[in-house]
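One structure below.
Numbering (the UniProt record's numbering), first residue to last: 1 to 327.
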């Protein structure tokens with residue numbers, strides 16, 4: 001049953017067995033259409049199987065707003081892959097010590113490139129054949145790994161692990177043990193929300209779990225280690241007059257804090273608002289903006305933590321530990 005309040009919507013009766021119905025929308029009826037089921041006999045239960053095929057002109061099985069997505073995701077995948085190759089090149093040719101977190105950053109970039117690449121294949125398969133299940137499975141697996149690694153890398157950078165110190169404090173370990181299982185739950189919720197129709201039982205619950213834990217719990221929790229690191233640097237500068245040069249590095253950590261906050265709220269809130277306001281034929285623009293924002297975020301973080309001898313971030317280690325040794 002389609003929304004009968006609009007001129008091009010229609011009621012499809014399915015009271016009888018083996019009902020078959022074909023409906024063609026006129027060229028001037030452009031819009032985003034949905035199939036809804038309504039049981040008019042209140043309180044009764046209904047059981048049935050339905051098979052439907054939605055097709056646009058020229059044999060395209062996705063909506064007009066999704067047609068550019070294979071190209072958008074393929075381009076994003078190539079850019080992330082190029083960033084990964086360049087990062088590996090810098091790690092191999094750098095004369096300065098390489099930190100463990102920098103290897104994890106490269107691995108994260110690879111998984112991001114792979115997940116977006118499989119998303120491109122998924123939409124291309126949907127566009128051409130109306131079925132992208134195999135590609136969707138690979139996409140969700142890689143997105144699960146990438147999403148968990150993204151929060152882990154941000155947490156570890158925020159704690160200063162392997163850059164300012166070779167260990168994690170107990171409270172930092174607790175934050176990681178809280179956030180990472182939450183990310184597992186968020187990724188499970190994302191799969192359920194993406195792969196099941198909105199009318200399915202429990203869909204609203206999984207959607208609420210996704211929004212709450214991803215946008216509230218996880219995104220707020222990863223900011224605590226960054227704040228603690230800023231406080232640690234400030235205390236180190238106050239404890240030793242010679243360590244006042246650390247104050248210059250505080251600006252760098254504050255920049256990282258602002259960068260993470262901006263990325264979180266842009267990807268979770270601004271993109272959502274863009275999707276809600278764009279017309280259906282331009283829905284691909286939101287995905288393009290989202291991938292562009294992710295690429296900019298990855299590039300800025302990579303630049304700030306690049307394996308360079310004169311990188312101000314990596315010079316924090318010597319300053320902090322020298323100050324602590326003398327205090």
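The beta-carbon is built from N, C-alpha and C at its ideal position, and this holds for glycine as well. For clarity, every value in this text was computed on a predicted model and none was experimentally measured.
Helix, strand or coil for residue i, going by three-state DSSP, please let me know.
i           : result
residue 60  : strand
residue 292 : helix
residue 286 : helix
residue 46  : coil
residue 229 : helix
residue 20  : coil
residue 189 : helix
Take the Cβ of residue i as the centre, count every other Cβ of all protein chains shown within 10 Å, and call the residue buried at 16 or more, exposed below.
i           : result
residue 117 : buried
residue 187 : buried
residue 302 : buried
residue 48  : exposed
residue 40  : exposed
residue 155 : buried
residue 82  : exposed
Name the two residues that bound the continuous alpha helix (DSSP H) containing residue i.
i           : result
residue 103 : 100-129
residue 307 : No alpha helix (DSSP H) contains residue 307, which DSSP labels as neither H nor E.
residue 140 : 133-159
residue 93  : 69-93
residue 275 : 271-277
Report the rounded CA-to-CA distance for residue i versus residue j, giving the unit in angstroms.
i           : j           : result
residue 133 : residue 152 : 29 Å
residue 143 : residue 226 : 25 Å
residue 157 : residue 175 : 13 Å
residue 161 : residue 184 : 22 Å
residue 120 : residue 113 : 11 Å
residue 159 : residue 299 : 20 Å
residue 129 : residue 75  : 22 Å
residue 93  : residue 32  : 52 Å
residue 107 : residue 69  : 25 Å
residue 43  : residue 37  : 15 Å
residue 123 : residue 297 : 25 Å
residue 19  : residue 13  : 8 Å
residue 88  : residue 150 : 18 Å
residue 60  : residue 53  : 11 Å
Nearer than 7 Å: is that true of the beta carbon of residue i relative to any heavy atom of the ligand FAD?
i           : result
residue 106 : For the ligand FAD, the structure offers nothing, since it holds no ligand at all.
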